[in-house]
Each structure stands twice: as C-alpha cells, then as structure tokens.
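Novice:
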Amino acid sequence: MRGSSVAWAAADPYSAALRTGRGPLFLRRTDGWLLPLEVERWCARADAVDRAVLDRCEGAVLDVGCGPGRLVAELAARGRTVLGIDVSEAAVDHTIGLGGQALRRSVFEPLPGEGRWDTVLLMDGNIGIGGEPAVLLERVAALLRPGGLLIAETVPGHVDERARVQVVDTVGAARATGAPFPWARLGTPALLRYARRAGWRSVTQWSAGGRCFAALRTCHASSSAEPPKRTAVISSQRVRKPSGESPVADR
1 MRGSSVAWAA ADPYSAALRT GRGPLFLRRT DGWLLPLEVE RWCARADAVD RAVLDRCEGA
61 VLDVGCGPGR LVAELAARGR TVLGIDVSEA AVDHTIGLGG QALRRSVFEP LPGEGRWDTV
121 LLMDGNIGIG GEPAVLLERV AALLRPGGLL IAETVPGHVD ERARVQVVDT VGAARATGAP
181 FPWARLGTPA LLRYARRAGW RSVTQWSAGG RCFAALRTCH ASSSAEPPKR TAVISSQRVR
241 KPSGESPVAD R
C-alpha cells in the first residue's frame with residue numbers, strides 16, 4: 001500500500017495541477033482508459049454539496065487524502081478539530097496555506113490519534129486508495145473510536161473495479177511520472193458489501209449534485225449520524241501534540 005502512495009506523490013502532473021488550480025488531469029489505466037479528475041472543484045472553496053456532507057461530521061475529523069484542503073479549511077473555519085493527510089507535498093502545502101492543519105502522510109503509516117477520531121472522510125474517490133477496499137476499511141476502523149463515523153464518496157451505479165493507474169495531464173501523448181499504482185472505484189452497493197463483511201453498520205446513503213455518498217459506523221455506535229453534530233474539542237489552526245480529547249498532533 002505504501003508503494004502506491006509514493007507513486008501518487010511523485011506524479012508531477014498532479015503536483016503541477018494543484019499548484020495552478022487547473023487541469024486537465026486524469027487517472028489513466030494500463031489499457032488506456034482515462035478518468036477525468038476534477039482539479040478545479042478540488043481547488044475551489046467547499047461547495048453546497050461539500051458543506052452538506054460536512055454538516056454530518058461528528059467531533060474530531062480526519063480527512064484522508066485531503067488534496068488541496070477545501071474540506072479541511074471549511075471545517076477549520078467552523079471551529080472544528082480537523083486534520084488532513086495527503087501523500088502529496090503540494091496538497092499539504094495548499095491546505096496549510098488555506099489555514100488548515102495537514103500532514104504529509106499515507107493513511108497506512110502511523111497517524112496521530114489512532115483509535116480516537118470521531119469521523120473519517122474519504123471524499124473525491126479516496127475510497128480507492130491502495131486499490132483494496134477491504135484493507136482500507138480495516139485501516140479506517142482502526143483510526144476511529146468505537147462507534148465512529150466514516151463518510152465516503154462513491155461513484156454512481158454498481159461499480160466494483162480495481163486497476164493500476166498513472167496520473168497524466170493530456171489525452172494524447174500523456175505524460176506520467178512514476179510507476180503505475182493500484183486504485184479502486186466503488187459504487188455504494190459494492191462499498192456496503194465490503195463494509196458488511198468487515199463488521200461496519202450502514203447508516204445512510206444519499207446523492208446530491210451528481211455525487212454519491214455513504215455513511216457507515218464501526219461497531220458499538222451510540223448516535224444517529226444525522227446533523228446537527230457535536231462541537232469540536234479545540235479550534236486551533238496549529239498542529240499540536242495530543243492531549244486529552246484532541247487527536248491532532250505534531251508531524
């Protein structure tokens with residue numbers, strides 16, 4: 001899993017796109033199929049669909065694969081305890097520049113506050129990280145407190161796909177850096193199948209703005225996962241050492 005994170009981080013077209021805030025940018029499968037990446041939306045402020053998702057977040061939030069940080073920045077502006085992690089230096093720099101907290105880290109590496117996060121976000125296709133959804137769900141469960149909440153963005157329809165991909169910035173003679181890395185694409189039905197096998201409990205599924213989402217809980221849930229949510233423990237914009245309730249820590 002770590003190897004795929006290194007490959008993504010080394011993808012120069014991705015870093016360049018985040019620094020300029022513009023595409024085009026694609027994930028290219030080894031058979032040549034291209035998946036457009038929504039760089040402009042990722043680099044913009046959180047939109048109405050994003051904000052409605054964030055309304056469902058509980059307590060301290062870990063945004064896995066935070067990208068350029070629009071969700072971290074929005075939650076921080078609300079006074080929430082939130083940390084973004086991403087393997088891309090450009091993504092982390094952009095998030096910090098927006099006033100959010102972020103670490104350059106893979107989800108499969110040791111992270112601050114393991115077992116104490118209230119909510120984990122896997123947005124913008126990040127349910128595909130590592131290419132093995134069952135492994136990622138197991139890792140996320142270890143990051144959350146008992147009864148913690150996962151909010152994942154899925155793709156429309158009955159999709160359950162694993163492939164090796166590269167990040168490219170043109171349709172034709174595509175430029176890519178680094179070896180292909182494993183990725184997955186899941187629709188909500190497929191995600192729920194993996195989740196049930198791993199002991200997660202489905203809370204709700206919804207769609208908005210052409211995007212699809214699912215909320216899941218680890219075992220021993222005690223609340224409904226419907227907004228409004230409880231307030232954050234701290235509201236500092238600085239990454240700090242763990243103490244008491246807050247899982248946010250130094251690099």
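Everything in the sequence shown is counted per my numbering, starting at 1 for the first residue and increasing by one. Note that the Cβ used here is the ideal one computed from N, Cα and C, for glycine as well. Values in this document were obtained by computation on a predicted structure and should not be read as measured data.
Can we say the segment 154-173 touches the segment 124-132, given the rule of at least three CB pairs closer than 8 Å?
Specialist: With the cut-off at 8 Å, the segment 154-173 and the segment 124-132 touch.
Novice: Return yes when the Cβ of Gly21 is within less than 8 Å of the Cβ of Val39, no when it is not.
Specialist: The residue given as residue 39 occupies position 39 in the sequence shown. The residue given as residue 21 occupies position 21 in the sequence shown. Yes, Cβ-Cβ distance for Val39 and Gly21 is below 8 Å.
Novice: Would you give the residue range spanned by the alpha helix (DSSP H) that Ser15 belongs to?
Specialist: In the sequence shown, the residue the question calls residue 15 occupies position 15. Segment 12-20, the alpha helix (DSSP H) holding Ser15.
Novice: Looking at Gly115 and Arg217, is the spacing between their C-beta atoms short of 8 Å?
Specialist: Your numbering for residue 217 matches position 217 in the sequence shown. Your numbering for residue 115 matches position 115 in the sequence shown. Contact flag unset, no.
Novice: When DSSP labels each residue in this structure, what does Cys212 get in the three-state scheme?
Specialist: Within the sequence shown, the letter at position 212 stands for residue 212. Reduced to three states, the DSSP call for Cys212 is strand.
Novice: Could you tell me if Leu143 is buried or exposed, where buried requires 16 or more neighbouring beta carbons within 10 angstroms of its beta carbon?
Specialist: The sequence position of residue 143 within the sequence shown is 143, counting from 1. When all chains shown are included, Leu143 counts as buried.
Novice: Please tell me whether Ala91 and Leu18 are closer than 8 Å, where the distance is taken between their beta carbons.
Specialist: Locating residue 91 in the sequence shown gives position 91, where the first residue counts as 1. Locating residue 18 in the sequence shown gives position 18, where the first residue counts as 1. Cβ atoms of Ala91 and Leu18: closer than 8 Å.
Novice: Rounded to whole angstroms, what's the CA-CA distance from Thr119 to Val167? Just pull it up for me.
Specialist: Stepping through the sequence shown from its first residue, residue 119 is reached at position 119. Stepping through the sequence shown from its first residue, residue 167 is reached at position 167. Those two C-alpha atoms are separated by around 28 Å.
Novice: Between Asp93 and Ala195, what straight-line distance do the alpha-carbon atoms span, to the nearest angstrom?
Specialist: Position 93 of the sequence shown holds residue 93. Position 195 of the sequence shown holds residue 195. One C-alpha to the other measures close to 33 Å.
Novice: If I follow the unbroken alpha helix (DSSP H) through Thr95, where does it start and stop?
Specialist: Mapped onto the sequence shown, residue 95 falls at position 95. Segment 89-97, the alpha helix (DSSP H) holding Thr95.
Novice: Cutting at 7 Å between CB atoms, please list the residues of its own chain near Leu149, excluding the five before and the five after it.
Specialist: Looking up residue 149 in the sequence shown gives position 149. Only Glu58, Asp118, Thr119, Ala215, Arg217, Ala225 meet the Cβ criterion.
Novice: Helix, strand or coil: which one does DSSP assign to Val135?
Specialist: Reading the sequence shown from its first residue, position 135 is the one you call residue 135. Note: Val135 maps to helix in three-state DSSP.
Novice: Could you tell me which residues DSSP pairs with Asp63 in its beta bridges?
Specialist: Here residue 63 corresponds to residue number 63 of the sequence shown, with the count starting at 1. DSSP, once it has assigned bridges, lists Gly84, Leu121 as partnering Asp63.
Novice: Could you tell me how far apart the beta carbons of Ala60 and Leu54 are, in whole angstroms, since I believe they sit closer than 8 Å?
Specialist: For the purposes of this step, residue 60 is identified with residue 60 of the sequence shown, where counting begins at 1. For the purposes of this step, residue 54 is identified with residue 54 of the sequence shown, where counting begins at 1. In fact, because the Cβ distance is near 13 Å, the residues do not count as touching under 8 Å.
Novice: Return the first residue and the last residue of the alpha helix (DSSP H) that Asp50 is part of.
Specialist: Residue numbering aside, residue 50 sits at position 50 when the sequence shown is read from its first letter. Residues 48-54.
Novice: Measure the CB-CB distance between Ala184 and Glu161 and report whether it falls below 8 Å.
Specialist: Taking the sequence shown and counting its residues from 1, one reaches residue 184 at position 184. Taking the sequence shown and counting its residues from 1, one reaches residue 161 at position 161. Cβ atoms of Ala184 and Glu161: closer than 8 Å.
Novice: If you follow the alpha helix (DSSP H) that Thr188 is in, where does it begin and where does it stop?
Specialist: Within the sequence shown, the letter at position 188 stands for residue 188. Counting along the chain, the alpha helix (DSSP H) containing Thr188 begins and ends at 188-197.
Novice: Please classify Glu161: does DSSP put it in a helix, a strand, or coil?
Specialist: Start at 1 with the first residue of the sequence shown, and residue 161 comes out as number 161. DSSP places Glu161 in strand when its eight states are reduced to three.
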